[in-house]
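Per the working numbering: the sequence shown = residues 1 to 130.
The beta-carbon is built from N, C-alpha and C at its ideal position, and this holds for glycine as well.
As the structure is a computational prediction, the values presented were derived from the model and not from experiment.
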Amino acid sequence: MPSFRFTIPSQPISVNHAYQVIRVKTKEGSQRRLGKIPGVENYQIVAATMARRALARFLTDEGPDFPLDQQVQVRYWIRSRRGVDASNVIKIAEDGIAAGLGINDKWFLPCVVENSKGHKEPHIEVEVAW
């Protein structure tokens with residue numbers, strides 16, 4: 001089964017803390033809605049970049065096509081500073097990873113292999129396989 005790995009640096013962001021109420025200007029004035037906090041978009045950009053680079057290295061080295069329309073196994077090793085809810089953390093990471101791979105995250109089959117705390121340099125290790 002072809003696979004590749006990469007690391008997303010920094011403390012994972014939980015979906016519980018990822019959104020806030022913001023005002024959006026409309027033709028009628030303004031409207032309140034939920035929007036991502038700035039740190040979430042930055043984290044997802046980093047996740048996308050790391051995923052894109054890892055995929056490019058893998059395709060150059062190995063040669064097989066990456067599936068865009070079939071299930072993909074995605075395994076996570078979460079290493080955080082303080083304890084995090086794994087399911088809340090991987091949703092934020094998945095949106096960035098999917099953007100970097102150019103695939104809809106509906107095809108992801110996620111598996112958290114490890115969720116540990118107390119790390120001085122928090123990160124998420126990711127393995128993608130199909």
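Query: Which word fits Tyr19, buried or exposed, when buried means at least 16 other C-beta atoms lie within 10 angstroms of its C-beta?; Result: exposed
Query: How many Å lie between Ser10 and Leu109 at the Cα?; Result: 23 Å
Query: Taking the alpha carbon of Ile37 as the reference point, which residue from Val21, Gly29 and Asp85 has its own alpha carbon closest?; Result: Val21
Query: Between the beta-carbon of Val126 and the beta-carbon of Ile92, is there less than 8 Å?; Result: no
Query: Okay, do the segment 35-53 and the segment 71-87 touch, 3+ Cβ pairs below 8 Å being the bar?; Result: no
Query: Ile92 lies in the alpha helix (DSSP H); which residues open and close that run?; Result: Ala86 to Leu101
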